[in-house]
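Some notes on the structure that comes next.
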Amino acid sequence: MRPREEAERPRDESLSPPPAGRPGSGLARDEAPGGPVRDRRDRRGRGRRGADRPMVPPADFRSYYGRPIVKAAVWRHDIPAYLFTGGLAAGSALLAAGGDATGRPALRRAGRFAALGAVAASGYFLINDLGRPMRFLHMLRVAKPTSPMSMGTWVFSAFSAAAGVAAAAEVVPPLAPFGTVGQYGAALTAPALATYTAVLLADTATPSWHAAYPELPFVFAGSALASGAGIGLIAAPADQAGPARRMAALGAALELYGAHRVETTKGLLSEPYQQGKAGRYLRAARTLTALGAAGAVLGRRSRVASALAGVSLLTGSLLTRFGIFEGGQASARDPKYTVVPQRERLAERAAADGGAKTAE
Amino acid sequence: MAGPNSLYGPVDPAPDAGYVDAPPRMGFFTDTSVCIGCKACEVACKEWNAIPDDGFNLLGTSYDNTGGLTANSWRHVAFVEQPGGAPDVFAGLPVGPPASPQSAVVAASTGQDTGTEPGVRPAVDALAAAGTTGTQFLGMPLSDLPGRTLDAPRSDFRWLMMSNVCKHCTHAACLDVCPTGSLFRTEFGTVVVQEDICNGCGYCIPACPYGVIDQRKDDGRAWKCTMCYDRIGDGLTPACAKACPTESIQYGELDELRARAAHRVEKLHEQGESSARLYGHDPEDGVGGDGAFFLLLDEPEVYGLPPDPVVTTRDLPAMWKRAGLAALTMAAAAVVSFAGRRG
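Chains A and B, in that order, are what the protein sequence lines are.
If you read the first sequence in the numbering used here, its first letter stands for residue 97, the second for the next number, and so on.
If you read the second sequence in the numbering used here, its first letter stands for residue 1229, the second for the next number, and so on.
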């Protein structure tokens, strides 16, 4: 362990960093790219309303010219799009299996087609995001439990094959028995397909993704259910859409509760989810998902209301993925989110050590 | 093959990765207290590994125009300009202002005709002004001319220079998350990317708690320091350590380096440099200790290092459990949705 007196020594004035932005100051302080935080909230008039709420204290930390410490993911928008289509495929596959098992052909058909369409889009997004698309097959060289992406590739491959057979059986009737097998196969792998992506994001050093690891799988599972239900609400006639309505309500509840916890219980690391692009996406997602769930339950007599609710749920799910993605990226770009929580952790450990020593 | 500490905690990485009779673990000890910021390591690394240039960038914040470790910079010399350093380091040593203003003026006068005198008169000769007494306004917001007072105490401004590099962690997140097996553990306990296998997924990049590995924009692959795997296999010293003129970068068996580093810190403390501390040397830390560790003269974050990095695989079992729970919840929600009455 490094000498403790460093941490306990009161900060000498001459050692404290000069104001941020002074050239060559070396010890930049809170040089958040994009300027001081909460500007936007204040301009929108939200700051006043929330003035008495407990806020994250202003970060006091030192950095190397404000440069980020961890690197933000190099992924472009293909990855949040992949997260959405993967979840949509999973939700649709569950819808198809349930529809088939309970004799609702409209749900079965819509679910199978949506699952295949979404998983095909997933494949496109995934390969498009690779720096070297021709090397996609290298993903299949190994199976590593320590790599969520490796595990995901295998789940994705199994799901795609099963979903493909199920959808093909809709078009070619003689394949029906295979279709049933494929459909249940897809439904079995669907929950893994929907939730592994949460581990994929959390298993990084990106501060706000990693901190959210307990809740992210539930957000993604709920989001997948809600989007699958959205397909059911759009495609199925009113007399078959009952399960989709219940699925919409359950999925939306899971998604909203999980996202709420991610946005509020992580201290400083919740901040990136409330600000900027991520904040806008997640606020819009919350509204659309809530509206969609309400529409699904209340609009059961109206075909139009149900379809609108379905679209609302799908958009909400999409925006949730983009919001979570952007929040993590923002947390990686600002060294504050790396340094301050780690400093707090060190201080806690030092306090615990000190406590143990005095108790002896 | 994999032991109980394979994901987190102290372990010798090469035997843990399955090497039988692995050679001793090799590493870097970078003593930043003797780094002079010459960037010989950056250049030597580029030369030996045939790394493309980064283009000509001026970051505008300091003399550091490399900025950080990237796919094209596997060594990076950080320049920290620090007002209010540690004056006690120089106590009792024959140090003062670098040169007297007068001698600077004399040295600057060449006596040769520059050809500009008849036409353009120099507005202010700052050096000459510095050598005279009395106030002459230079147009700069200073209360006094720099260097006017001859007996000025030595400024407490200090430079911290630090040659940063991949840490070759005992528990390397980049290696663990790589979905193609492109990153591998060498017999020396270091971490290397196989460039013909890397498919450019970029997962290793956000996984690194130190922000080391990076994607090269034109080919999409991830690149980082290999600790000159091709050299050390032949018993040679990595290019950066070989080129370092002050032995700030030391290469060798990790155990020996750790002993040497502990001795060096002790010595610096004896000399009154109480801010000297080691970083990344402790096998009990969040990444199981680094294969490349550092002697720093200030907090890690001042150099752009995370103060308490933790490998993400520490929480991976918990993450998979949460995902499994969420997956079960999802399946149950689907079953419940369809189990209700028809309608």
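Note that the Cβ used here is the ideal one computed from N, Cα and C, for glycine as well.
| query | result |
| --- | --- |
| Test: Ala-1242/B CB closer than 8 Å to a CB of chain A | no |
| Contact residues within the segment 152 to 181 of chain A, judged by C-beta distance below 7 Å to chain B | Phe-157, Arg-158, Ser-159, Tyr-160, Tyr-161, Arg-163, Pro-164, Ile-165, Val-166, Lys-167, Ala-168, Ala-169, Val-170, Trp-171 |
| For Arg-429/A, the three-state DSSP class (helix, strand or coil) | helix |
| Chain-ordered residues of the segment 1542 to 1558 of chain B with a beta carbon less than 9 Å from chain A | Asp-1543, Leu-1544, Ala-1546, Met-1547, Trp-1548, Arg-1550, Ala-1551, Gly-1552, Leu-1553, Ala-1554, Ala-1555, Leu-1556, Thr-1557, Met-1558 |
| Residue span of the beta strand (DSSP E) that contains Gly-1255/B, given as start and end | 1254 to 1259 |
| From Phe-255/A, Leu-296/A, His-306/A, residue whose alpha carbon lies closest to that of Gly-281/A | Phe-255/A |
| Short CB-CB distance (under 8 Å) between Thr-339/A and chain B | Per the sequence shown, the amino acid found at residue 339/A is Pro instead of Thr. Answer yes: the Cβ-Cβ gap between Pro-339/A and chain B drops below 8 Å somewhere. |
| Beta carbon proximity, Lys-362/A to chain B, threshold 8 Å | no |
| Exposure of Phe-1385/B, with buried meaning 16 or more beta-carbon neighbours within 10 Å | exposed |
| Beta carbon proximity, Asn-1427/B to chain A, threshold 8 Å | yes |
| CB contact below 8 Å: Leu-387/A versus chain B | no |
| Chain A contact for Gly-1430/B (CB, 8 Å cutoff) | yes |
| Contact list for Val-435/A against chain B, beta-carbon separation under 8 Å | Glu-1529, Pro-1534, Pro-1535 |
| Sub-8 Å separation of Ser-1234/B and Asp-1249/B beta-carbons | no |
| Contact list for Ala-282/A against chain B, beta-carbon separation under 9 Å | Chain B residues near Ala-282/A: none, gap ~12 Å exceeds 9 Å. |
| Residues that DSSP places opposite Asn-1392/B in a beta bridge | His-1304/B |
| Residue closest to Leu-1297/B, alpha-carbon to alpha-carbon, out of Asn-1392/B, Ser-1290/B, Trp-1548/B | Asn-1392/B |
| Short CB-CB distance (under 8 Å) between Gln-371/A and chain B | no |
| Of the residues Ser-413/A, Arg-172/A, Pro-339/A, Ala-447/A, the one placed nearest Leu-203/A, counting alpha carbons only | Pro-339/A |
| Nearest candidate by alpha-carbon position, reference Ala-265/A, set Val-295/A, Leu-236/A, Gly-207/A | Gly-207/A |
| Per DSSP, the bridge partner or partners of Asp-1442/B | Trp-1451/B |
| Proximal residues of chain A, C-beta to C-beta of Pro-1437/B below 8 Å | Val-166, Ala-301 |
| Rounded straight-line distance, which links the Cα of Val-166/A to that of Ala-322/A | 33 Å |
| Exposure label - Asn-1427/B; buried when at least 16 CB within 10 Å | buried |
| Own chain, CB closer than 6 Å to Gly-278/A, minus 5 neighbours either side, in chain order | Ala-258, Val-261, Ala-262 |
| Assumed close pair Ala-355/A, Thr-416/A - CB separation to whole angstroms, cut-off 8 Å | 6 Å |
| CB contact below 8 Å: Leu-321/A versus chain B | yes |
| Cβ contact (3+ pairs, closer than 8 Å) linking the segment 318 to 334 of chain A and the segment 207 to 222 of chain A | yes |
| Residue from Gly-1417/B, Ile-1425/B, Val-1419/B, His-1399/B with nearest C-alpha to Gly-1409/B | Ile-1425/B |
| Leu-378/A and Glu-359/A closer than 8 Å at C-beta | yes |
| Under 7 Å by beta carbon: chain A residues contacting Asp-1404/B | Thr-242, Ser-243 |
| When Pro-1473/B, Met-1254/B, Ala-1561/B, Asp-1543/B are compared against Phe-1521/B, the one with the closest alpha-carbon | Met-1254/B |
| Residue-level contact to chain A via CB, Thr-1414/B, 8 Å cutoff | no |
| Sub-8 Å separation of Ala-426/A and Gly-391/A beta-carbons | no |
| Backbone CA spacing between Ala-446/A and Leu-1556/B [nearest angstrom] | 39 Å |
| Check whether Arg-1173/B and Asn-1285/B have beta carbons under 8 Å apart | The first residue shown for chain B is 1229 and the last is 1571, placing residue 1173/B beyond what the model contains. |
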